[in-house]
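**Q**
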Amino acid sequence: MTLIIKTGIVFLNIIYFFIKLLPTKKKVTMISRQSDIPSDEFYMIKAEIERRDPDVRVILLCHTLNGGIKASLFEKVRYCFHMFSQLYHISTSQVVVLDTYCMVISMLKHKKNLKIIQMWHSMGTMKKFGYTALDTGEGSSSKIAYAMRMHENYDYIFASSEAYKQHLADGFRCDINKILTMPLPRLDLLKSEQYRQKVCKKIFKKYPELKEKPIILYCPTFRKDERRFAKAYKRLDAAIDHEKYHFVVKLHPLSKINLGKKIVQIKDVSTFDMLFIADYIISDYSCIIYEAGVLGKPLYFYNFDMDIYEKNRGLAIDYMNELPGVISRNAKTITKAIESGEYDYEYLKQFIEKYITMTDHATADIVDFIYQFIK
62 MTLIIKTGIV FLNIIYFFIK LLPTKKKVTM ISRQSDIPSD EFYMIKAEIE RRDPDVRVIL
122 LCHTLNGGIK ASLFEKVRYC FHMFSQLYHI STSQVVVLDT YCMVISMLKH KKNLKIIQMW
182 HSMGTMKKFG YTALDTGEGS SSKIAYAMRM HENYDYIFAS SEAYKQHLAD GFRCDINKIL
242 TMPLPRLDLL KSEQYRQKVC KKIFKKYPEL KEKPIILYCP TFRKDERRFA KAYKRLDAAI
302 DHEKYHFVVK LHPLSKINLG KKIVQIKDVS TFDMLFIADY IISDYSCIIY EAGVLGKPLY
362 FYNFDMDIYE KNRGLAIDYM NELPGVISRN AKTITKAIES GEYDYEYLKQ FIEKYITMTD
422 HATADIVDFI YQFIK
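In this note's numbering, each number is its position in the sequence shown, counted from 1, plus 61.
1. Considering only the alpha carbon of each residue, which of 183, 194, 296 lies closest to residue 243?
2. Classify residue 419 as helix, strand or coil using the three-state DSSP reduction.
3. So what's residue 268 in DSSP terms, helix, strand or just coil?
4. Among 307, 327, 313, whose alpha-carbon lies nearest the alpha-carbon of residue 340?
5. Would you grab the beta carbon distance between residue 277 and residue 343 for me? Rounded to a whole angstrom, and I think it's under 8 Å.
6. If you run the structure through DSSP and keep just helix, strand and coil, what is residue 401?
7. Bridge partners of residue 179, per DSSP?
8. Going along the chain, which residues of its own chain have a beta-carbon closer than 6 Å to the beta-carbon of residue 163, five neighbours each way excluded?
9. As a quick exercise: from 371, 209, 327, pick the residue whose alpha carbon is nearest that of residue 313.
10. Considering only residues of the same chain and omitting the five flanking positions on each side of residue 161, which have a CB-CB separation below 7 Å?
11. Mind checking which residues open and close the alpha helix (DSSP H) that includes residue 289?
12. Do the CB positions of residue 192 and residue 233 come within less than 9 Å of each other?
13. Over the uninterrupted alpha helix (DSSP H) stretch that includes residue 247, give me the two end residues.
14. Does residue 419 pass the burial test, meaning 16 or more other C-beta atoms within 10 Å, or should it be called exposed?
15. Using DSSP with H/G/I as helix, E/B as strand and the rest coil, what is residue 362?
16. Hey, would you say residue 147 sits closer than 9 Å to residue 158, going by beta carbons?
17. Take residue 124 as the anchor and find which of 114, 236, 136 has the nearest alpha-carbon.
18. To the nearest angstrom, how far is the alpha carbon of residue 172 from that of residue 180?
19. If I measure Cβ to Cβ from residue 190 and keep anything under 6 Å in the same chain, skipping five residues before and after, which residues do I get?
20. Nearest CA to the CA of residue 272: which residue from 285, 249, 338, 245?
21. Across which residues does DSSP place residue 341 in a beta bridge pair?
22. Kindly provide the ranges of any alpha helix (DSSP H) runs that are 4 or more residues long and lie completely inside the segment 366-394, ordered along the chain.
23. What does DSSP give as the partner residues of residue 151 in its beta bridges?
24. Give the DSSP bridge partners of residue 240, in chain order.
25. Measuring from the CB of residue 351, is there a heavy atom of the ligand SAH at a distance below 8 Å?
26. Measuring alpha carbon to alpha carbon, tell me which of 329, 374, 110, 211 ends up nearest residue 347.
27. Is the beta carbon of residue 333 sitting closer than 9 Å to the one on residue 101?
28. Do you know whose CA, among 435, 423, 436, lies nearest residue 241's CA?
29. Do residue 246 and residue 106 have their C-beta atoms closer together than 9 Å?
30. Going by the beta-carbon positions, is the gap between residue 435 and residue 188 smaller than 9 Å?
31. How long is the line joining the alpha carbons of residue 139 and residue 133, rounded to whole angstroms?
32. Three Cβ pairs or more, each shorter than 8 Å: is that satisfied between the segment 381-392 and the segment 351-370?
33. Out of 67, 65, 144, which has the shortest C-alpha to C-alpha gap to residue 77?
34. Express the C-alpha separation of residue 381 and residue 301 in angstroms, rounding to a whole number.
35. If distances are taken between C-alpha atoms only, which option among 392, 399, 359 comes closest to residue 412?
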């Protein structure tokens, strides 16, 4: 496999050599494998750049590769064609912004004047990733990672706070001096009363029944093996008083779990937007807790498989001692804590302020930084 990868890199570099002969344009290219649809954050940065200077062209290239190296042959071929589009736009751009790993960025040799910014999609730290998760059950193979030069060629990396920098430096295997404190654009949405009202109005208009009872929102992390999760989920479902609460579950898109009839199904609303109407948040190892924390939502941690998860993936945070809120493997302990009405909001505030540097102009700050490289 590594021989095939190395041969492919040589082949791509030959093609890319000729593509790089094309002139550089007044252009910013944004690339993601998180989704086939650009994120709100990509659109926010694009809109701010174009507002300042309509002559700057902003290209959004978003394409998933489900399964990664284990994807189907059809998916791999389809992604290969997309990579040629990436090569053209990267070679003719002054700045490239990423929110995830991009193969051609890491594997190839780029023009000297190109600036590559990694705006990692996670708002705060939680799970090990990249080089800190190599050869684990849910991480990458070290042989493949090194062969593909994973997370190479970044000029700058954005972190939401000083406390997040070392985790990113370890995961990207880079000099910590490359990492800048620059919170993600979504912070602007979380602090926007206008956006909150817009989202709440939209959701309640479509689902008016959600106004009737407090909402418990469950946002679990995706596991490759969901058999243990299925049993734990049923215990949590059984522990919740459905007469008193709406129980809304936002699973990962790849999850195959059948939620059952009692659960409110809201598949057409993002997890991010659901945070605005939720009264309580239950998670485990998901970084969605940082967005919820900015909104001041009480957090609870149902860590029924922590021993297995630490072995298969690993955690980058002092989980048991640092997270704000009740942490338990027992579903009834979680629901009793919710029903008690007691919560340490001051500790929640301190935790969030440690990992997220608060600002009212996160998007503008990022665009200010990008603009120094646009000629």
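Every residue gets a Cβ at the ideal spot worked out from N, C-alpha and C, and that includes glycine.
**A** Looking at the coordinates:
1. Here residue 243 refers to the residue found at position 182 of the sequence shown. Nearest C-alpha to residue 243: 183.
2. Your numbering for residue 419 matches position 358 in the sequence shown. DSSP places residue 419 in coil when its eight states are reduced to three.
3. Counting from 1 along the sequence shown, the entry for residue 268 is found at position 207. Correct three-state label for residue 268: coil.
4. Residue mapping note: residue 340 aligns to position 279 of the sequence shown, counting from 1. Checking every option, the nearest Cα to that of residue 340 belongs to 307.
5. By 1-based counting over the sequence shown, the position of residue 277 is 216. By 1-based counting over the sequence shown, the position of residue 343 is 282. Contact holds; Cβ gap of about 6 Å.
6. By one-based count along the sequence shown, residue 401 stands at place 340. Looking at residue 401 - three-state DSSP - the assignment turns out to be helix.
7. Position 118 of the sequence shown, counted from the start, is the residue given in the question as residue 179. Answer by DSSP bridge pairing, in chain order: 159, 218.
8. Numbered from its first residue, the sequence shown carries residue 163 at position 102. So the qualifying residues of the chain are 92.
9. Against the sequence shown, residue 313 aligns to sequence position 252. Residue 327 is the option with its Cα nearest to residue 313.
10. Residue mapping note: residue 161 aligns to position 100 of the sequence shown, counting from 1. The residues are 93, 94, 95, 182.
11. Taking the first residue of the sequence shown as 1, we reach residue 289 at position 228. Per DSSP, residue 289 belongs to the alpha helix (DSSP H) from 288-300.
12. Within the sequence shown, residue 192 is the residue found at index 131, counting from 1. Within the sequence shown, residue 233 is the residue found at index 172, counting from 1. The answer is yes: Cβ separation under 9 Å.
13. Looking up residue 247 in the sequence shown gives position 186. First-last of the alpha helix (DSSP H) with residue 247: 247-251.
14. Here residue 419 refers to the residue found at position 358 of the sequence shown. By the neighbour-count rule (16 or more Cβ atoms within 10 Å), residue 419 is not buried but exposed.
15. Walking along the sequence shown from the start, residue 362 turns up at place 301. It is a strand residue.
16. Counting from 1 along the sequence shown, the entry for residue 147 is found at position 86. Counting from 1 along the sequence shown, the entry for residue 158 is found at position 97. Going by C-beta atoms, residue 147 is not nearer than 9 Å to residue 158.
17. As a working note, residue 124 is residue 63 in the sequence shown. Nearest option by C-alpha distance: 136.
18. Taking the sequence shown and counting its residues from 1, one reaches residue 172 at position 111. Taking the sequence shown and counting its residues from 1, one reaches residue 180 at position 119. Near 20 Å, if we compare the C-alpha coordinates of residue 180 and residue 172.
19. Taking the sequence shown and counting its residues from 1, the one referred to as residue 190 is at position 129. So the list reads 232, once near-sequence residues are dropped.
20. Numbered from its first residue, the sequence shown carries residue 272 at position 211. If we check each option's Cα against that of residue 272, 338 comes out closest.
21. Within the sequence shown, residue 341 is the residue found at index 280, counting from 1. Note: residue 341 sits in a beta bridge opposite 277.
22. Listed in chain order, the complete alpha helix (DSSP H) runs (minimum 4 residues) inside the segment 366-394 are 367-373, 380-383.
23. Taking the first residue of the sequence shown as position 1, residue 151 is located at position 90. Per DSSP, none; premise fails for residue 151.
24. In the sequence shown, the residue the question calls residue 240 occupies position 179. Answer is 218.
25. Among the ligands in the structure shown, none appear at all, so the ligand SAH cannot be discussed.
26. The residue labelled residue 347 in the question sits at position 286 within the sequence shown. Nearest option by C-alpha distance: 374.
27. What you label residue 333 is simply residue 272 of the sequence shown in a count that begins at 1. What you label residue 101 is simply residue 40 of the sequence shown in a count that begins at 1. Their beta carbons are under 9 Å apart, which means residue 333 touches residue 101 by this criterion.
28. In the sequence shown, the residue the question calls residue 241 occupies position 180. Of 435, 423, 436, the residue nearest in Cα terms is 423.
29. The residue given as residue 246 occupies position 185 in the sequence shown. The residue given as residue 106 occupies position 45 in the sequence shown. Residue 106 is positioned such that its CB atom lies closer than 9 Å to that of residue 246.
30. Translated into positions along the sequence shown, residue 435 becomes position 374. Translated into positions along the sequence shown, residue 188 becomes position 127. It is not a contact, given that the beta carbons lie outside the stated cut-off.
31. Against the sequence shown, residue 139 aligns to sequence position 78. Against the sequence shown, residue 133 aligns to sequence position 72. If I take the Cα positions, the gap works out to 10 Å.
32. Between the segment 381-392 and the segment 351-370, the count of C-beta pairs closer than 8 Å reaches three or more; the two stretches touch.
33. The residue given as residue 77 occupies position 16 in the sequence shown. Comparing Cα positions, the closest option is 144.
34. Here residue 301 corresponds to residue number 240 of the sequence shown, with the count starting at 1. Here residue 381 corresponds to residue number 320 of the sequence shown, with the count starting at 1. Cα to Cα, residue 301 sits roughly 24 Å from residue 381.
35. Working through the sequence shown from its first residue, we reach residue 412 at position 351. The option with the nearest alpha carbon to residue 412 is 359.
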